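Asker: Right, I'll just put the structure down here and ask away after.
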Amino acid sequence: MKSEDFRRLWAKHEVRAKTAGQKRFTHPLVGELALSYETFTVNGAPGQTLVVYHAEPGSDAEQSLVLLAGLSVDRAPRHSSVTTG
Numbered sequence: 406m407k408s409e410d411f412r413r414l415w416a417k418h419e420v421r422a423k424t425a426g427q428k429r430f431t432h433p434l435v436g437e438l439a440l441s442y443e444t445f446t447v448n449g450a451p452g453q454t455l456v457v458y459h460a461e462p463g464s465d466a467e468q469s470l471v472l473l474a475g476l477s478v479d480r481a482p483r484h485s486s487v488t489t490g
């Protein structure tokens, strides 16, 4: 190894999981969505991770998700409840 700094850092093995950040998705109806995410371990379920995505308040992604939510409500089948007496 040529870099003493690299050798020193590599020897420490300070590797951490990335538990938060931002990812970009391309949706066919609304285009690009920049969503923040956080990961959580699931106690009692070894190897399982819960990933929560959310749009930042006031962002274009938030507006796009609101639009998509409205579209899904409009397309949802309507169920009527029937009671018998």
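Residue numbers for the sequence shown follow the working numbering, beginning at 406 and rising by one. Backbone N, C-alpha and C define an ideal beta-carbon position, used for all residues, glycine too. In this text the structure is predicted, and so the values were computed from the model without any measurement.
1. Could you say which of ALA439, GLN453, LEU438 lies nearest to PHE445 if we only look at CA atoms?
2. Please work out which residues of its chain come closer than 8 angstroms, Cβ to Cβ, to LEU467, disregarding the five sequence neighbours upstream and downstream, and give them in chain order.
3. Which residue wins for smallest C-alpha separation from ALA425, given the options ALA474, SER469, SER477, VAL456?
4. Can you tell me whether LEU434 is buried or exposed, with buried defined as 16 or more other CB within 10 angstroms of its CB?
5. Where do the N-terminal and C-terminal ends of the alpha helix (DSSP H) with ALA416 fall, by residue?
Answerer: Checking against the coordinates, here is how it stands:
1. GLN453
2. Note that residue 467 is Glu in the sequence shown, not Leu. Here the set comprises ALA460, GLU461.
3. VAL456
4. exposed
5. 409-417
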